[in-house]
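Peer 1: Next up is a structure, given as structure tokens.
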Amino acid sequence: MNSLPTNSARWISAALTVGIVVCLLGTSGCAGLRVPRIDPTGERFLIWPKDQPQAAITAGNPTAPPVLTDPFFPAQPTSAVPVQVARPPEVLKVSPERILAPIGSEVVIKAGICEKSGYLLSDQKLQWQLARNGVGQFVEVGGKGLLQRALLPWNQSEKIDNYYATGYTAASPLCISRGTADPSDDVAIRRGDGWVSVTSPVEGTSYVTAYAPNVATWNARKSTAQIHWVDVQWTFPPTTVQSNGQPQLLTTTVTRQSDGMPLEGYLVRYEVADGGALRSESTGQVVEVRTDAQGKATVEVAPTDSGANQSRIDAQLVRPADYGSGSSPKLVIGNGATIVNWNGNEPYFNPGTPAPLPSEPRPLEPIPSQPSPAGPTTAPQLDVEIYRVTPGQVEVDGQVRFEVIIKNVGDAPATGLSLNDRFDRGFRHLADPTGEQEITTDLKYILAPGQQNSEYITFDVTKAGRICHEVIVSSVEGARASKGDCVDAVQPAPEPRAGVQIKKVGPRDAVVGESPLFTVTVTNTGETALTNVEVRDSYPVELAPQPGRDYEKLGNDIIWRIPRLEVGQSKRFDVYAQGLQPSLRATSYAEVSALAEGVPGNYRSASEHTIEIKPLRGGAPGGTVPGGVTNADGNLKIRLESLNDTVRVGTRQRYRVTIENVGQNVDGLVYMRVIFPQGMRPDILTAQGPQNVQTEFDAGQNAIVFTPVKSLRPREVLPYEFNADVNQPGSGTITAEAVSSNSANGVIDAVNVQMIR
Numbered sequence: 001m002n003s004l005p006t007n008s009a010r011w012i013s014a015a016l017t018v019g020i021v022v023c024l025l026g027t028s029g030c031a032g033l034r035v036p037r038i039d040p041t042g043e044r045f046l047i048w049p050k051d052q053p054q055a056a057i058t059a060g061n062p063t064a065p066p067v068l069t070d071p072f073f074p075a076q077p078t079s080a081v082p083v084q085v086a087r088p089p090e091v092l093k094v095s096p097e098r099i100l101a102p103i104g105s106e107v108v109i110k111a112g113i114c115e116k117s118g119y120l121l122s123d124q125k126l127q128w129q130l131a132r133n134g135v136g137q138f139v140e141v142g143g144k145g146l147l148q149r150a151l152l153p154w155n156q157s158e159k160i161d162n163y164y165a166t167g168y169t170a171a172s173p174l175c176i177s178r179g180t181a182d183p184s185d186d187v188a189i190r191r192g193d194g195w196v197s198v199t200s201p202v203e204g205t206s207y208v209t210a211y212a213p214n215v216a217t218w219n220a221r222k223s224t225a226q227i228h229w230v231d232v233q234w235t236f237p238p239t240t241v242q243s244n245g246q247p248q249l250l251t252t253t254v255t256r257q258s259d260g261m262p263l264e265g266y267l268v269r270y271e272v273a274d275g276g277a278l279r280s281e282s283t284g285q286v287v288e289v290r291t292d293a294q295g296k297a298t299v300e301v302a303p304t305d306s307g308a309n310q311s312r313i314d315a316q317l318v319r320p321a322d323y324g325s326g327s328s329p330k331l332v333i334g335n336g337a338t339i340v341n342w343n344g345n346e347p348y349f350n351p352g353t354p355a356p357l358p359s360e361p362r363p364l365e366p367i368p369s370q371p372s373p374a375g376p377t378t379a380p381q382l383d384v385e386i387y388r389v390t391p392g393q394v395e396v397d398g399q400v401r402f403e404v405i406i407k408n409v410g411d412a413p414a415t416g417l418s419l420n421d422r423f424d425r426g427f428r429h430l431a432d433p434t435g436e437q438e439i440t441t442d443l444k445y446i447l448a449p450g451q452q453n454s455e456y457i458t459f460d461v462t463k464a465g466r467i468c469h470e471v472i473v474s475s476v477e478g479a480r481a482s483k484g485d486c487v488d489a490v491q492p493a494p495e496p497r498a499g500v501q502i503k504k505v506g507p508r509d510a511v512v513g514e515s516p517l518f519t520v521t522v523t524n525t526g527e528t529a530l531t532n533v534e535v536r537d538s539y540p541v542e543l544a545p546q547p548g549r550d551y552e553k554l555g556n557d558i559i560w561r562i563p564r565l566e567v568g569q570s571k572r573f574d575v576y577a578q579g580l581q582p583s584l585r586a587t588s589y590a591e592v593s594a595l596a597e598g599v600p601g602n603y604r605s606a607s608e609h610t611i612e613i614k615p616l617r618g619g620a621p622g623g624t625v626p627g628g629v630t631n632a633d634g635n636l637k638i639r640l641e642s643l644n645d646t647v648r649v650g651t652r653q654r655y656r657v658t659i660e661n662v663g664q665n666v667d668g669l670v671y672m673r674v675i676f677p678q679g680m681r682p683d684i685l686t687a688q689g690p691q692n693v694q695t696e697f698d699a700g701q702n703a704i705v706f707t708p709v710k711s712l713r714p715r716e717v718l719p720y721e722f723n724a725d726v727n728q729p730g731s732g733t734i735t736a737e738a739v740s741s742n743s744a745n746g747v748i749d750a751v752n753v754q755m756i757r
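Read in UniProt numbering, the sequence shown has 122 at position 122, and its numbers run on one by one without any break.
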């Protein structure tokens with residue numbers, strides 16, 4: 001169906017189309033408000049109403065790419081006597097009220113205001129609305145006409161959006177051309193007709209409402225039309241089938257118009273007009289068959305006992321109600337007919353148009369002395385094409401798939417089809433378990449003239465080199481065709497080797513409080529890139545790891561992730577780990593896991609390192625504080641431990657303070673603070689003390705203050721640890737002070753520190 005041309009090219013002046021005007025003037029009343037309907041012959045999309053002559057229906061069942069079918073819907077019963085009601089002065093009517101159309105086409109809906117005398121009103125404003133709960137969109141809207149242009153801009157027709165448009169009924173007759181050479185698809189617009197064109201790219205129903213604001217009666221000022229859009233094309237059985245008296249299979253194929261995919265669930269109604277019987281899931285003169293997953297609906301027709309020479313089978317394609325996801329009525333899409341000649345002769349009349357009865361007897365013609373020459377015989381003719389579906393290089397231990405296209409290029413159906421494939425060694429097929437290098441398949445369908453079908457064959461490839469196969473297709477009528485194809489199979493390329501290595505190094509020993517450097521290095525030792533590389537570095541409780549950047553920490557485990565590591569590439573990670581307590585063997589572990597590009601599997605590697613952590617200044621852990629300062633009361637002892645007396649600016653230093661009750665009685669309310677010199681700043685966030693002890697920062701004293709411990713038993717030791725950052729050069733003293741209930745004068749320990757750049 002052709003699209004509508006632009007306004008400038010569409011309108012043909014009424015003065016230039018005298019013939020159309022003369023024809024329309026005779027039917028300008030309201031009774032003529034109708035548009036063409038769909039032509040079932042397939043020669044054109046629309047045909048004119050019944051009061052105009054139609055072309056004779058041609059024979060045959062052409063495969064119609066658009067939906068060229070009868071748009072009629074079941075009529076209302078006419079037996080009841082209509083009730084006479086008062087007619088309003090003016091009534092708005094649309095035409096057609098319901099129509100069937102293929103997707104992508106453009107349908108013209110007309111509307112007119114019929115006044116009480118039976119004539120249409122011209123130059124009347126119409127508002128067109130398209131329901132948003134349906135499908136489709138407005139394309140163009142009609143105005144007053146070529147010779148009656150609106151003088152004011154607000155009196156012009158306008159498409160506001162895809163769902164709303166305003167127009168006018170025509171002030172003079174005109175014709176809408178679809179831009180084709182065939183005048184039968186033109187749309188005639190009479191004086192008083194308004195129109196709008198609608199299209200839809202998808203299946204569904206469009207609800208088009210015309211509204212006339214100048215009509216006073218509410219029930220008469222609006223009217224709605226329905227457009228049912230379908231996406232379907234079909235092939236009925238051939239018009240003639242020759243048989244030697246055996247039952248015949250008739251198949252209708254239904255596919256989508258948009259992409260050619262088969263449609264399942266459509267109804268095909270087969271009816272025997274004369275001389276035969278139908279068999280499918282049921283038997284009788286009328287059988288309804290649903291299309292299967294291949295879009296095919298097949299029925300078997302057999303001759304009757306009466307011995308008729310031929311049978312006429314009528315076929316009707318029907319879309320069921322509520323087909324698909326939408327809500328729609330039952331729609332008759334198309335009709336066809338097939339003549340089965342049981343004696344193998346051609347039919348004596350065209351199945352498309354039954355022979356008319358003559359108006360008067362014809363004179364008998366003399367019988368010729370010589371028999372007439374026999375007409376041309378019909379027979380199927382097969383053609384085969386083979387295409388390799390598997391892309392790329394064919395490799396040993398892989399598979400190769402072929403598409404075999406079987407065509408009937410003759411003028412009769414091909415039945416009893418058989419496919420035989422003979423193949424070289426190097427191909428293996430599941431249907432050939434004994435190694436005969438040959439498979440045969442009976443095809444369960446009939447190929448009508450001009451039809452084709454595809455079969456797919458898949459082989460396992462077992463060796464390298466050139467491997468060929470030949471396909472032979474034959475029918476019971478004696479038609480035969482063959483085609484061969486070859487592939488060059490190669491050995492698959494060897495898989496690249498994948499590998500990864502991790503190595504961890506560090507010092508052999510360190511002192512409590514020091515932060516030695518540990519290095520973890522990951523290297524791609526394989527022949528392909530590594531992806532999703534995960535490195536995990538785990539430390540014991542004697543060490544506190546302090547990694548750099550871009551890491552995750554889970555307990556005492558450090559995790560790094562590398563998205564991709566190329567062949568030969570290495571990645572290094574540095575970790576400073578502070579010794580927290582003495583240990584003869586403090587072992588840390590590093591492991592890596594990765595995926596290899598193009599090689600299946602997960603690849604791993606691991607490494608470990610052991611370090612000895614020595615106690616401070618030769619002391620040993622225990623219940624007493626070695627060294628330190630005891631107050632004059634002899635009840636409280638404190639010790640401040642420092643690793644370095646000289647520190648550099650920009651470094652972080654770790655300090656430890658221990659407090660011990662050296663008296664004989666239980667002590668309580670033990671307060672402790674550490675005062676730092678200018679140039680150093682304590683970090684209270686990393687400070688650690690006894691259980692339930694909190695830390696505070698005293699900015700005035702530049703000190704870290706610990707909340708008191710409520711009770712301290714004799715010989716019990718309180719540990720405190722904290723960090724301090726060196727900010728500027730200089731020198732000073734770090735002082736640790738503690739007081740308690742039994743030691744009001746307190747106790748002090750101090751260390752001198754030199755801060756250098």
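Glycine included, C-beta positions come from ideal geometry on N, C-alpha and C. The structure displayed is predicted, hence computed values, not measured ones.
Since residue 465 is in the beta strand (DSSP E), which residue starts that stretch and which ends it?
Peer 2: Residue 465 -> beta strand (DSSP E) spans 465-474.
Peer 1: Quick check: residue 785 and residue 233, are their CB atoms within less than 9 Å of each other?
Peer 2: There is simply no residue 785 to check, as the chain begins at 1 and stops at 757 in what is shown.
Peer 1: Taking the Cβ atom as the reference point for each residue, do residue 662 and residue 585 lie within a distance shorter than 9 Å?
Peer 2: No, Cβ-Cβ distance for residue 662 and residue 585 is not below 9 Å.
Peer 1: Counting Cβ pairs closer than 8 Å, one from the stretch 728-746 and one from the stretch 648-667, do we hit at least three?
Peer 2: Yes, they touch.
Peer 1: Which class does residue 590 belong to by DSSP, given the choice of helix, strand or coil?
Peer 2: Strand, per DSSP.
Peer 1: Could you tell me the distance, in whole angstroms, from the CA atom of residue 739 to the CA atom of residue 709?
Peer 2: If I take the Cα positions, the gap works out to 11 Å.
Peer 1: Since residue 432 is in the beta strand (DSSP E), which residue starts that stretch and which ends it?
Peer 2: Counting along the chain, residue 432 falls outside any beta strand (DSSP E), and DSSP gives it neither H nor E.
Peer 1: Below 7 Å CB to CB, which residues in the same chain sit around residue 92 once its five sequence neighbours on both sides are set aside?
Peer 2: Excluding residues within five positions, the ones whose Cβ falls inside 7 Å are 111, 113, 210, 212, 215, 220, 221, 222, 223.
Peer 1: I'd like to know if the stretch 166-174 and the stretch 194-204 are in contact, where contact means that at least 3 CB-CB pairs between them fall below 8 Å.
Peer 2: Yes, the stretch 166-174 is in contact with the stretch 194-204.
Peer 1: State the Cα-Cα distance for the pair residue 117 and residue 141, rounded to the nearest angstrom.
Peer 2: Approximately 27 Å between the Cα atoms of the pair.
Peer 1: Could you name the residues that DSSP lists as bridge partners for residue 204?
Peer 2: In the DSSP output, where bridge partners are listed per residue, residue 204 has 229.
Peer 1: By the three-class DSSP mapping on this structure, what secondary structure does residue 101 have?
Peer 2: If DSSP states are grouped into helix, strand and coil, residue 101 belongs with the strands.
Peer 1: Apart from the five residues just before and just after residue 711, which ones in its own chain have a Cβ nearer than 8 Å to its Cβ?
Peer 2: The answer, listed in chain order, is 666, 667, 668.
Peer 1: Roughly how many angstroms lie between the CA atoms of residue 101 and residue 291, to the nearest whole one?
Peer 2: Taking the straight line from one Cα to the other gives about 21 Å.
Peer 1: Would you be able to state if there are at least three C-beta pairs under 8 Å between the stretch 390-397 and the stretch 453-473?
Peer 2: Result yes; three or more Cβ-Cβ pairs closer than 8 Å.
Peer 1: Which one of 103, 256, 157 has the shortest CA to CA distance from residue 203?
Peer 2: Closest option to residue 203, Cα to Cα, is 103.
Peer 1: Would residue 794 pass as a contact of residue 494 if the rule is Cβ separation under 9 Å?
Peer 2: With the chain running from 1 to 757 in the structure shown, residue 794 is simply not present.
Peer 1: Mapping DSSP to helix, strand and coil, what is residue 342?
Peer 2: Three-state DSSP puts residue 342 in coil, outside helix and strand.
Peer 1: Could you give the residue range of the beta strand (DSSP E) that holds residue 485?
Peer 2: Looking at the DSSP string, the run of the beta strand (DSSP E) that includes residue 485 is 480-490.
Peer 1: So for residue 532, helix, strand or coil by DSSP?
Peer 2: Note: residue 532 maps to strand in three-state DSSP.
Peer 1: State the DSSP-derived secondary structure class of residue 74, mapped to helix, strand or coil.
Peer 2: Here the model assigns residue 74 a pLDDT of 38, short of 50, so the residue's position is not dependable, and the following value carries that caveat. Coil.
Peer 1: In chain order, what residues of the same chain have a beta carbon less than 6 Å from the beta carbon of residue 439, not counting five sequence neighbours either side?
Peer 2: Only 421, 429, 431, 432 meet the Cβ criterion.
Peer 1: Taking just the CA atoms, how far does residue 455 sit from residue 481?
Peer 2: The straight-line gap from Cα to Cα measures roughly 15 Å.
Peer 1: Would you call the CB atoms of residue 341 and residue 415 closer than 9 Å?
Peer 2: No, these two residues do not count as a Cβ contact at 9 Å.
Peer 1: Using 8 Å for Cβ pairs, my map puts residue 528 next to residue 597. What's the rounded Cβ distance?
Peer 2: Correct: roughly 5 Å between the Cβ atoms.
Peer 1: Please name the residue in 679, 564, 723, 558 whose C-alpha comes closest to that of residue 640.
Peer 2: With distances taken between Cα atoms, residue 640 lies closest to 723.
Peer 1: Can you check the stretch 632-712 for any beta strand (DSSP E) of at least 3 residues that lies completely inside it and give the ranges in chain order?
Peer 2: Correct list: 636-642, 646-648, 652-661, 670-675, 680-688, 695-698, 703-709.
Peer 1: Cβ of residue 490 within 9 Å of Cβ of residue 574?
Peer 2: No; because the gap between Cβ atoms is not below 9 Å, this pair is not in contact.
Peer 1: Per DSSP, which one or two residues make a beta bridge with residue 612?
Peer 2: According to DSSP, residue 612 bridges with 509.
Peer 1: Kindly indicate the opening and closing residues of the beta strand (DSSP E) around residue 413.
Peer 2: Run containing residue 413: none; DSSP gives neither H nor E here.
Peer 1: Go ahead and label residue 524 buried or exposed: buried means 16 or more other beta carbons lie within 10 angstroms of its beta carbon, across all protein chains shown.
Peer 2: Buried, since its Cβ has 16 or more Cβ neighbours within 10 Å.
Peer 1: Considering Cα atoms alone, identify which of 107, 201, 238, 587 is closest to residue 312.
Peer 2: Of 107, 201, 238, 587, the residue nearest in Cα terms is 238.
Peer 1: Taking the alpha carbon of residue 569 as the point to measure from, which residue in 477, 556, 530 has its own alpha carbon closest?
Peer 2: When only C-alpha atoms are compared, the closest one is 530.
Peer 1: Excluding sequence positions up to five away, which residues of its chain have a Cβ less than 8 Å from the Cβ of residue 546?
Peer 2: The answer, listed in chain order, is 515, 575, 576, 577, 578.
Peer 1: Could you compute how far the alpha carbon of residue 125 sits from the alpha carbon of residue 135?
Peer 2: Computed Cα separation, rounded: 25 Å.
Peer 1: Here's a check: name, in chain order, each residue in its chain whose Cβ is nearer than 6 Å to the Cβ of residue 561, leaving out the five neighbours to either side.
Peer 2: Excluding sequence neighbours, residue 561 sits near 534.
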